[in-house]
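Q: Residues in the sequence shown are numbered consecutively from 24, following my numbering.
One structure, pasted below without further comment.
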Amino acid sequence: MKPFKENPDRSVLLVGEITQESLSDLIPPVMRLDGVKHRDGIHLYLTSPGGQGTAGMAAYDFLKTRKNDITIIALGECSSVASFVLQAAKRRIVGPHTRMLLHFGHVDMSNKGSLDGDSLTRAGQEVQRLDQTFLDILCERATAPRSVMERVLQANTFMSSADILHMGLADELLYKPTYRR
């Protein structure tokens, strides 16, 4: 099953890892929905453990440039680069049981063969550049100070929906649970 499905209520699903391949499934239905300006905009339901940083940046840039307002509803898990994609929405909603893992980027060098010192230095510089971009975008709308956001990213921090809202990484809760105690 493909991770995206277009629905008549102007919504698209993004479920699973964010990759270059999943972008090729996301872009066409969003472009079709964006072809007509609509008062309800476009709703993207997101549950993802993250994925490739460059694919997440492409999704962010694509969603930011739509003529319709984008609402992203994060359910279940919105971790790693998925938390970055969430920031592309005009309206960011989280489910009460949504969790988020924030961290700076990681590089998998296992299939790169042998690398010399210069190659490793350049790769390290690129990771640092991407980390700063990620931090800049998270801080654009976060209510937490930049220094706090940087510590959160360095520590591989899990956050509850209450934490996500408190840090300003989402705008509202989908619904308030009513548990009996």
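Even glycine gets a Cβ: it sits at the ideal position worked out from N, Cα and C.
Taking 8 Å as the threshold, find out whether the segment 142-156 comes into contact with the segment 115-124 through three or more Cβ pairs.
A: no
Q: If you run the structure through DSSP and keep just helix, strand and coil, what is Pro59?
A: Checking the displayed sequence, the identity of residue 59 turns out to be Val instead of Pro. Correct three-state label for Val59: coil.
Q: Who are the near neighbours of Ile21 in its chain, counting only those whose CB is closer than 7 Å to its CB and skipping five residues on each side?
A: Residue 21 falls outside the range modelled here, since the chain spans only 24 to 204, and no answer is possible.
Q: I need the straight-line Cα distance from Ala167 to Val104, nearest angstrom please.
A: 19 Å
Q: Hey, could you find the ends of the beta strand (DSSP E) Val68 is sitting in?
A: It should be pointed out that residue 68 corresponds to Tyr in this sequence rather than to Val. Segment 65-71, the beta strand (DSSP E) holding Tyr68.
Q: Going by beta carbon distance, what residues of the same chain come within less than 6 Å of Thr70, once the five residues before and after it are set aside?
A: Val38, Leu98, Gly99, Glu100
Q: Where DSSP assigns a beta bridge to Gly88, which residues make up the other side?
A: Note on residue identity: the sequence assigns Thr, not Gly, to residue 88. Looking at the DSSP assignment, Thr88 forms no beta bridge with any residue, so it has no partner.
Q: Among Thr180, Ala178, His126, Asn91, which one has its Cα closest to the Cα of Val59?
A: Asn91
Q: Note down, one range per segment and in chain order, each alpha helix (DSSP H) of at least 4 residues found wholly within the segment 76-157.
A: 76-87, 104-109
Q: Helix, strand or coil for Met182? Go by DSSP, reduced to three states.
A: strand
Q: Out of Ala81, His61, Phe157, which has the shortest C-alpha to C-alpha gap to Leu46?
A: Ala81
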